[in-house]
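Number of protein chains: 2
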Amino acid sequence: MANFSLYLIRHGIAAERGEAYPNDCDRPLTEEGRRKTRQVAKRLATLGLRFDLLLTSPLVRARQTAEIFTETVGYDCPLEVSQELAPEGDFDAWLNWWKAWQQSKTTSGDVALGLIGHEPDLSTWAEMLVWGDVRSVIVLKKAGVIGLAVPEPTSPVGSSILFLVIPPKLLI
Amino acid sequence: MANFSLYLIRHGIAAERGEAYPNDCDRPLTEEGRRKTRQVAKRLATLGLRFDLLLTSPLVRARQTAEIFTETVGYDCPLEVSQELAPEGDFDAWLNWWKAWQQSKTTSGDVALGLIGHEPDLSTWAEMLVWGDVRSVIVLKKAGVIGLAVPEPTSPVGSSILFLVIPPKLLI
Numbered sequence: 028m029a030n031f032s033l034y035l036i037r038h039g040i041a042a043e044r045g046e047a048y049p050n051d052c053d054r055p056l057t058e059e060g061r062r063k064t065r066q067v068a069k070r071l072a073t074l075g076l077r078f079d080l081l082l083t084s085p086l087v088r089a090r091q092t093a094e095i096f097t098e099t100v101g102y103d104c105p106l107e108v109s110q111e112l113a114p115e116g117d118f119d120a121w122l123n124w125w126k127a128w129q130q131s132k133t134t135s136g137d138v139a140l141g142l143i144g145h146e147p148d149l150s151t152w153a154e155m156l157v158w159g160d161v162r163s164v165i166v167l168k169k170a171g172v173i174g175l176a177v178p179e180p181t182s183p184v185g186s187s188i189l190f191l192v193i194p195p196k197l198l199i
Numbered sequence: 028m029a030n031f032s033l034y035l036i037r038h039g040i041a042a043e044r045g046e047a048y049p050n051d052c053d054r055p056l057t058e059e060g061r062r063k064t065r066q067v068a069k070r071l072a073t074l075g076l077r078f079d080l081l082l083t084s085p086l087v088r089a090r091q092t093a094e095i096f097t098e099t100v101g102y103d104c105p106l107e108v109s110q111e112l113a114p115e116g117d118f119d120a121w122l123n124w125w126k127a128w129q130q131s132k133t134t135s136g137d138v139a140l141g142l143i144g145h146e147p148d149l150s151t152w153a154e155m156l157v158w159g160d161v162r163s164v165i166v167l168k169k170a171g172v173i174g175l176a177v178p179e180p181t182s183p184v185g186s187s188i189l190f191l192v193i194p195p196k197l198l199i
């Protein structure tokens, strides 16, 4: 049986909403956001982290974050856009997807999924997986990462293990 | 009012129990344990972390870890031995100490306390502070660090915020 890890990654620093980007969905990463995200992705790759799949929110700032990860040496992995990762995303729908994905992995060894999305969704999803309910007690900075070990029971809700909560400055 | 941070730091890699160290309390850090602990302490200092006080378990491997922190540039802070941080430590007694210490800090600004101790105590204490009960869902590696923001209510139990869970390899 495989060992499943889940990495919840918040998009990097994005341009403010305003005349240039009246639509929140279109806000791109700033230069600083790109640079820091690249440094985080490189550092994690150097440490040996590999993703079997990256799922990203459809919003521009998340897709750009995901592309930086896939372009970084060591992250040569499939990238898929998931509507469930858009802001106010659908945790239950994602959970059904996850269970099916987990069951499709019949190999042993380490399997890692990366989710690129938004706050407060990602930290609340992490809380659901670890504790089974939400109290908004985890801080996830932009380009920060939460790492969970997810077992393979009927449901990972309330049965996952938290091994990583890291702001980008510790990876840069 | 000050902003209180609490860093729970597990001692570094220690010598195995055996003929040389029949008593668990006497096991010292190994060379690798010293080296990694020094790297973690240096990295955190470089990132600007300063402790106002370090409390350590009385066991040799914890005291040696604490001494490495105080010897590291930037951690020129008081170090006290606390019986409450020994294995199977007394969380309630420590909590009373913490409340008194918190109340004694009348300045504004950032105040940081470091605790050097053992597992599973440190991660369960973190869970108590963040979640109010213990489900053993946080992994704290040797020389790893958990960071909490602790508010100043009557009790920090179940009201602290988790901003850091980091294995040493990400700091080295």
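The listed protein sequences derive, respectively, from chains C and V.
Here the first sequence is numbered in my numbering, starting from 28 and rising by one per residue.
Here the second sequence is numbered in my numbering, starting from 28 and rising by one per residue.
Heads up, the beta-carbon is just placed ideally off N, CA and C, and yes, glycines get one too.
Query	Result
Find the nearest neighbour of R54 of chain C within the set C:K63, C:E43 and C:T64, judged by alpha-carbon distance.	C:E43
Which residues in the same chain as A41 of chain V place their Cβ atom closer than 7 angstroms to its Cβ, once the five residues preceding and following it in sequence are excluded?	R54, P55, L56, T57, G60 and R88
Less than 8 angstroms between C-beta atoms, sequence neighbours within five positions excluded: which residues of the same chain meet that for S163 of chain C?	P147, S150, T151 and E154
Do T64 of chain V and A170 of chain V have their C-beta atoms within less than 8 angstroms of each other?	yes
Within a Cβ cutoff of 7 angstroms, which residues of the same chain sit near E179 of chain C, ignoring the five residues on either side of it in sequence?	M28, F31 and Q129
Is A120 of chain C closer than 8 angstroms to E111 of chain C when the C-beta atoms are compared?	yes
Would V166 of chain V pass as an interface residue toward chain C - the criterion being a Cβ-Cβ separation below 8 angstroms?	yes
Interface residues of chain V around V192 of chain C at Cβ under 7 angstroms?	L189, F190, L191 and V192
Of all the options V:S187, V:D51, V:S131 and V:A113, which has the alpha carbon lying nearest to the alpha carbon of L80 of chain V?	V:S131
If you follow the alpha helix (DSSP H) that L149 of chain C is in, where does it begin and where does it stop?	D148 to W158
May I have a chain-ordered list of the beta strand (DSSP E) segments no shorter than 3 residues that lie completely inside the stretch 90–159 of chain C?	106–108 and 136–144
Residues of chain V with a CB under 7 angstroms from the CB of K196 of chain C: which are they?	L74
Note down, in chain order, each residue of its chain lying with its Cβ closer than 8 angstroms to the Cβ of W158 of chain C, except the 5 sequence neighbours on either side.	G185
Which residues does DSSP list as the beta-bridge partners of F31 of chain C?	C:V138 and C:V177
For the alpha helix (DSSP H) containing T83 of chain V, list its first residue and its last residue.	From DSSP, T83 of chain V is part of no alpha helix (DSSP H) but of the beta strand (DSSP E) over L80 to T83.
Whose C-alpha, out of C:G75, C:K69 and C:A113, is nearest the C-alpha of E98 of chain C?	C:K69
Name the two residues that bound the continuous beta strand (DSSP E) containing V189 of chain C.	It should be noted that the sequence gives Leu, not Val, for residue 189 of chain C. Note, L189 of chain C: beta strand (DSSP E), I188 to I193.
Would you say V157 of chain V lies against chain C (beta-carbon separation less than 8 angstroms)?	yes
Closer than 9 angstroms, Cβ to Cβ, to anything on chain A: give me those residues from the stretch 36–61 of chain V, in chain order.	The structure shown has no chain A; the protein chains it does contain are C and V.
Which of helix, strand or coil does DSSP assign to A41 of chain C?	strand
When the distance is taken between beta carbons, is T92 of chain C closer than 8 angstroms to I165 of chain C?	no
Please state if the CB of I199 of chain V and the CB of V172 of chain V are separated by a distance shorter than 8 angstroms.	no
Can you give the beta carbon distance from L156 of chain V to P183 of chain V, rounded, assuming they're within the 8 angstroms contact cut?	5 angstroms
Tell me whether S135 of chain C is buried or exposed, calling it buried when 16 or more other Cβ atoms sit within 10 Å of its Cβ.	exposed
Excluding the 5 residues preceding and the 5 following L86 of chain V in the sequence, name in chain order all residues of the same chain whose CB lies nearer than 6 angstroms to its CB.	C52
Report all residues from its chain with a CB closer than 8 angstroms to the CB of Q66 of chain V; omit the five preceding and five following residues, and keep chain order.	P195, L198 and I199
From what residue to what residue does the alpha helix (DSSP H) around K63 of chain C run?	E58 to T73
Would you tell me roughly how many angstroms separate the C-alpha atoms of R90 of chain V and E94 of chain C, rounded to the nearest one?	45 angstroms
Taking only beta-carbon atoms, is R162 of chain V less than 8 angstroms away from chain C?	yes
Using the C-alpha atoms, what's the distance from H38 of chain C back to A127 of chain C?	26 angstroms
On a CA-only basis, which of V:G101, V:R77 and V:G116 is nearest S84 of chain V? Give me that one, please.	V:G116
Less than 8 angstroms between the beta carbons of L140 of chain V and L82 of chain V, yes or no?	yes
For I36 of chain C, list the residues DSSP reports as bridge partners.	C:I143 and C:V172
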